[in-house]
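Colleague:
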Amino acid sequence: MGDMTNSDFYTKNQRNDSNHAGAFGCSLMELRSLMELRGTEAVVKIQEDYAGVEGLCQRLKTSPTEGLAGDAIDLDKRKEVFGQNLIPPKKPKTFLQLVWEALQDVTLIILEIAAMISLGLSFYQPPGEGSESCGTANAGAEDEGEAEAGWIEGAAILLSVVCVVLVTAFNDWSKEKQFRGLQSRIEQEQKFQVVRGGQVIQLPVSDIVVGDIAQIKYGDLLPADGVLIQGNDLKIDESSLTGESDHVRKSADKDPMLLSGTHVMEGSGRMVVMAVGVNSQTGIIFTLLGAGGEEEEKKEKKGQALEDGHQLADCSHPSSHPIATIATDGAASANAPGNTSLVNGKMQDGNMENNQTKVKKQDGAAAMEMQPLKSAEGGETDEKEKKKANVSKKEKSVLQGKLTKLAVQIGKAGLVMSAITVIILVLYFAIDNFVLQKRPWLPECTPVYIQYFVKFFIIGVTVLVVAVPEGLPLAVTISLAYSVKKMMKDNNLVRHLDACETMGNATAICSDKTGTLTTNRMTAVECFVADVHYKEIPDPSSIPAKTLETLVNAISLNSAYTTKILPADKDGGLPKQVGNKTECGLLGLVLDLKRDYQTVRNQIPEEKLYKVYTFNSVRKSMSTVIKLPDGNFRMYSKGASEIILKKCSYILNEVGEPRAFRPRDRDEMVKKVIEPMACSGLRTICVAYRDFSGDPEPNWDDENNILTELTAICVVGIEDPVRPEVPDAILKCQRAGITVRMVTGDNINTARAIAIKCGIIHPGEDFLCIDGKEFNRRIRNEKGEVEQERIDKVWPKLRVLARSSPTDKHTLVKGIIDSTLVDQRQVVAVTGDGTNDGPALKKADVGFAMGIAGTDVAKEASDIILTDDNFSSIVKAVMWGRNVYDSISKFLQFQLTVNVVAVIVAFTGACITQDSPLKAVQMLWVNLIMDTFASLALATEPPTESLLMRKPYGRNKPLISSTMTKNILGHGVYQLIIIFTLLFVGEQIFDIDSGRNAPLHSPPSEHYTIIFNTFVMMQLFNEINARKIHGERNVFEGIFRNPIFCSIVLGTFAIQIVIVQFGGKPFSCSPLDLEKWMWCVFLGLGELVWGQVISTIPNSKLRFLRGAGRLTQKDEMTAEEEMNEDQEEIDHAERELRRGQILWFRGLNRIQTQIEVVNTFKSGTSFQGALRRQSSTTSQNQDVTNVSSPSHVSLCNALSSPTSTAAAPSGQC
């Protein structure tokens, strides 16, 4: 499918190319071939063919400073000639394809075959019809009409199969539609800064056209290919395209080529856009991939019984997939030979590869995008990285692990029960007829006997259908999809579905300070300038004129020119801060000092800045060098006060003259100025400058010698007030058993002050507030290696980690996750906004990125994007996560009760009366209400605040709590007593004919109709009981807040009336009068009363109920061991920041290496060798034995699926 759309798109562009090239000075193909050049050859080519970048801009009819004029006709023309900045997505699956997939379900296939046989036999009139000798076979055939109605049962089964299939397909279809909606929402969210008509504006990425001038800065993900016009200290991470992990330095004169899909790791600049959409480098690769897509999909189908999972593995989308990994039908599909390895419940045991394929299924392309690319020379280091990137999302989410296991257990039990049922029925019939009544087997009776056997077989299959909880995946999907939709309203944009549910189990949140806990509106409130500490912003006249001028210049020039303060949107509102908020605070200071930063910037526009050392997490400062009119240089610096002051040798005194600034002066300043500011929660920034002579010109690359001997101008205290709703949100988290920790780059006193305001720490408690240096001292041994035991001494009490580097954040998150101190593994959520937060976001169980302040890199690494950057939205996510877990539990409690009862009734009924009291079609209807409708009804309960009043469920807490087990067994007993009473003495109670031992094709009896009707009524009322799973008394509480629930219960009731009164032969029902109906409803209402009785029994009396669906400790452990693989310290954020992984290598190398890899796998040896080599290098403590050979087999299947990126390159070791 994919290749078609892309190539059409492509040829269309080709055609346009020829007619319109005249309008612009260069054609699409020229630009495409230009973008394929790199480094100096690109510079030479631009110089020779276009007379430099300016010439190129002229040909594209754009101005390097003003950008495009932005008139609509011109923009449309550009889109027509050079294409749009969109990569056409693969076509979604059609409804028919989804129907076909739903039909692949094993149980349904068995049913279809049985129904066909039954149909065929009903039309076959055996010659021995009249002879008595065929035994009990035809006792009921006196009624001619009835004998002809034999086909109805087969037809009815087929009809119900059609219903089930349509419902499933419709659900999948709407799910996919939702994902596409979500995806387009994520894509619209991504905006980019472009210059149009001399104004900097934010444009959706898809509106960027060739010839646009784009402003790029630290943390951007480039949206299109372009040529750099002017850059400051620009470094790009091109690993997503080339696999090179080193950052590439870009400059207009050496290597100006910027490629889409790469990340800006440092610096800033402006580029002219040269290629967009399918013509950009990323787009070309997508087109190549699209061509490979068709064959891949065919292969994938063979390797996968989990047909549900791959429908979203759409390469252009970081979409994800919910719990599709519950093999569509529990154990029913466990008999399908192809996928036993995937379903057998031991997912976590050392079968690492298995897990990878599963997780790939579930994260669709998202997982795929997260795999680091392999460079050809990669060898072992890459192998390590592959592990690292995988570890983060490899473990199945808690709920998934438990559900898969449960579905398998139930399915196996159902299979055994149905087999026994069939065997008993056949044996009973055979012994009764041929042994006890000593009848011979007559040839003419064969069809009659076969009809019996088919009937027995259908009963067996029906037992299986009812036993297998195929509603589980549906319930999970509906519940997650519903939550995700609602979470959008609560400002949570969920990128990976399972993150929503994992959030409900979170035990720790590591939050940033700036912007998340605080408003991220920086205002300067105190300053120390000209030897005076002002508690509020001073009057400009009180500052020496020289100092004032230097200060205004230092702040105005040494900040990103994209940072501005704009007038308020509405009257009386606060001025709008655009860009870096700390810089906004400083620019605010300039405005408060009655000066204008814009006039200073106009005198020295951005292209005149001589050199810029941009801010990054290592420098923690920013410096700008300008050339003065006399040929000398002046450098302005600003940064965290303790860092800049260490580099200052002078300070401006009260008359604006520099005086010496010795270490003891600095200590005094820290004590008297900086600490008091910090203790009142201010962030302190120091502004300084230094003059250089122009002859000889300093060596600007020798940073250490440039950034010393500065002259301090002033220290500013910037306030970032705590968001008003945060203290309350944090209190809720603490009540809910979640520990909130603040991890910030700010200084320790500021951090502690804010933590107290937020309520993260309370005076007098026993807790730790330490900075990064102290943290590292405590957790590292003499050799400087991080030790888990040492981390375990620190993290339980740690509440504030200040002055932390991204590495510290990652180490802390990893330490908490890997810790074995507490019996429950900690589930950690992390918030981050900067590029450097990538590794921690990915390592965490749930990564939250900031939607407003976050960089593209952080968003890419996250699971959930907070669209309002607000901590209280995280609390909402916890609430929704817990709600998902509870919804699934409610559904399970309901479903299992029905399963247990239906299976036992069908089984014992069949053994005692040779016929199931509930007919196949009736069972299918029950199955439909309890699976599809109930999952809809129970999975869409809205969350309540009370969810936050309990502690999180642990990873190894059983899925079915003892209260639930008590309810399931209690209600099961009630229902069984009623049904068996009706079955064996019902005809006397109601004074009607007995329906037991009815011959083949006899008309439906009132007796069995009452049983069926009562059974359904009991389910309906039990559905209301199932709304509460923690033993609450009032099951009706909040029932009207959920209209879906009410309408489903009433709707089911109405359909049930229709079935009983008018269902007739197909549903084996005979109409009932009002009195019998009242009895059925009355017996159903008994469920509610009985529910109250059950909830009075204390759980402590029921010790035997523990442990259903529990994740055993063993399963848990192997996942932990795998996580220890990345023990060595991560020195660069790059390792885990490799992204865009569908790319270069996947595109080009994959096709060549596939055959090679498969061969390697067949031989098996080299792969194991490679793994062994790598394991020993990665971690000494890792035991290689858990690479068990069977895992190759599952990997081979996985290889043929396009989603398994990580699998392919491992063969290249």
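The number in the working numbering is simply the position in the sequence shown, starting from 1, with 1149 added.
Each residue gets a CB set at the ideal place from its N, CA and C atoms; glycine is no exception.
Being a predicted model, the structure only gives us computed values, none of them experimental.
Could you say which of G1330, K1963 and D1369 lies nearest to K2008 if we only look at CA atoms?
Modeller: Of the candidates G1330, K1963 and D1369, the one whose C-alpha sits nearest the C-alpha of K2008 is D1369.
Colleague: So, helix, strand or coil for T1763, using DSSP?
Modeller: In this structure, T1763 counts as coil in the three-state DSSP scheme.
Colleague: To the nearest angstrom, how far is the alpha carbon of M2028 from that of K1881?
Modeller: Those two C-alpha atoms are separated by around 10 Å.
Colleague: By how many angstroms is the C-alpha of K1743 removed from the C-alpha of V1864?
Modeller: Each residue's alpha carbon lies about 18 Å from the other.
Colleague: Using the DSSP secondary-structure output, state which residues sit across from V1681 in a beta bridge.
Modeller: V1681 pairs with V1678.
Colleague: With DSSP collapsed to three states, give me the class of A1483.
Modeller: At A1483 the pLDDT is 35, less than 50, meaning the model places this residue with poor confidence and gives no usable figure here.
Colleague: So which of I1855, P1847 and K2068 has the shortest CA-CA distance to V1614?
Modeller: That would be K2068, whose Cα lies nearest to the Cα of V1614.
Colleague: The alpha helix (DSSP H) spanning P1988 covers which residue range?
Modeller: That run of the alpha helix (DSSP H) goes G1987 to K1992.
Colleague: Pick out whichever of R1419, T1665 and L1548 has its Cα sitting closest to the Cα of C1206.
Modeller: Measuring from the Cα of C1206, the nearest candidate turns out to be R1419.
Colleague: Below 6 Å CB to CB, which residues in the same chain sit around H1682 once its five sequence neighbours on both sides are set aside?
Modeller: Contacts found: V1822.
Colleague: Mind checking K1366: buried by the 16 CB within 10 Å criterion, or exposed?
Modeller: Answer is buried; the Cβ neighbour count reaches 16.
Colleague: Cutting at 7 Å between CB atoms, please list the residues of its own chain near D1382, excluding the five before and the five after it.
Modeller: Within the same chain, D1382 has close Cβ partners E1415, G1416, V1761, Y1762 and T1763.
Colleague: Hey, would you say D1374 sits closer than 8 Å to M1423, going by beta carbons?
Modeller: For D1374 and M1423, yes; Cβs fall inside 8 Å.
Colleague: Quick check: the Cα distance between V1907 and V1977, rounded to an integer number of angstroms?
Modeller: Reading off the sequence shown, one finds Cys at residue 1907, where the question assumed Val. Distance between the alpha carbons of C1907 and V1977: 20 Å.
Colleague: Taking just the CA atoms, how far does F1578 sit from S2340?
Modeller: Since pLDDT at S2340 reaches only 34, below the 50 mark, its modelled position is unreliable, and no value is offered.
Colleague: If you follow the beta strand (DSSP E) that L1859 is in, where does it begin and where does it stop?
Modeller: That run of the beta strand (DSSP E) goes L1859 to E1868.
Colleague: On the DSSP letters alone, give me the boundaries of the beta strand (DSSP E) that I1834 sits inside.
Modeller: Looking at the DSSP string, the run of the beta strand (DSSP E) that includes I1834 is L1831 to F1841.
Colleague: Quick one: residues in its chain with C-beta nearer than 7 Å to the C-beta of W1322, no 5 flanking neighbours on either side, listed in chain order?
Modeller: Excluding residues within five positions, the ones whose Cβ falls inside 7 Å are F1244 and L1247.
Colleague: Closer than 7 Å by C-beta to S2372: which residues in its own chain qualify, once you throw out the five before and the five after it? Chain order, please.
Modeller: Nothing about residue 2372 can be read from this structure; the chain reaches only from 1150 to 2362.
Colleague: Do the CB positions of G2030 and G1653 come within less than 8 Å of each other?
Modeller: Contact flag set, yes.
Colleague: What residue does the alpha helix (DSSP H) around Y1746 start on, and which one ends it?
Modeller: It spans Y1746 to Q1752 - the alpha helix (DSSP H) in which Y1746 sits, taken as one unbroken run.
Colleague: Please state the DSSP three-state secondary structure of Q1342.
Modeller: Of the three classes helix, strand and coil, the one that applies to Q1342 here is strand, per DSSP.
Colleague: Evaluate contact between the segment 2061–2076 and the segment 2099–2114, counting only Cβ atoms and requiring at least three cross-stretch pairs below 8 Å.
Modeller: No, they do not touch.
Colleague: With 16 as the cutoff for other CB atoms within 10 Å, does T1211 come out buried or exposed?
Modeller: The residue in question, T1211, is buried, as its Cβ has 16 or more Cβ neighbours within 10 Å.
Colleague: Three-state secondary structure (DSSP) at R2410?
Modeller: Past the boundaries of the shown model lies residue 2410; the chain is included only from 1150 to 2362, so the question cannot be answered.
Colleague: Mind checking whether the beta-carbon of Q1586 lies closer than 7 Å to any heavy atom of the ligand SAM?
Modeller: Of the ligands one can find in the structure shown there are none, so the ligand SAM has no counterpart to examine.
Colleague: Determine the DSSP secondary structure at F1272, reduced to helix, strand or coil.
Modeller: Residue state, collapsed to three classes: coil.
Colleague: Between S2196 and G1426, what straight-line distance do the alpha-carbon atoms span, to the nearest angstrom?
Modeller: Going from the Cα of S2196 to the Cα of G1426 covers about 46 Å.
Colleague: Would you check if there are 3 or more beta carbon pairs closer than 8 Å linking the segment 1666–1681 to the segment 2102–2122?
Modeller: No, because fewer than three Cβ pairs between the segment 1666–1681 and the segment 2102–2122 fall closer than 8 Å, the two stretches do not touch.
Colleague: Taking the alpha helix (DSSP H) that Q2241 falls in, what are its first and last residues?
Modeller: That run of the alpha helix (DSSP H) goes L2223 to T2245.
Colleague: What are the start and end residues of each continuous beta strand (DSSP E) run of 3 or more residues lying completely inside the segment 1193–1239, in chain order?
Modeller: With a minimum length of 3 residues, no continuous beta strand (DSSP E) run stays inside the segment 1193–1239.
Colleague: Which residues in the same chain have their Cβ closer than 8 Å to the Cβ of L1723, if we skip the five residues on either side of it in sequence?
Modeller: Closer than 8 Å at Cβ, skipping near neighbours: R1670 and A1717.
Colleague: CB-CB under 6 Å to K1730, same chain, minus the five flanking residues each way: which ones, in chain order?
Modeller: Correct list, in chain order: N1669 and M1671.
Colleague: Could you tell me the distance, in whole angstroms, from the CA atom of I1100 to the CA atom of C1594?
Modeller: The first residue shown for the chain is 1150 and the last is 2362, placing residue 1100 beyond what the model contains.
Colleague: In three-state DSSP terms, what is Q1586?
Modeller: Here Q1586 sits in coil by DSSP.
Colleague: Taking the beta strand (DSSP E) that G1380 falls in, what are its first and last residues?
Modeller: Per DSSP, G1380 belongs to the beta strand (DSSP E) from D1374 to D1386.
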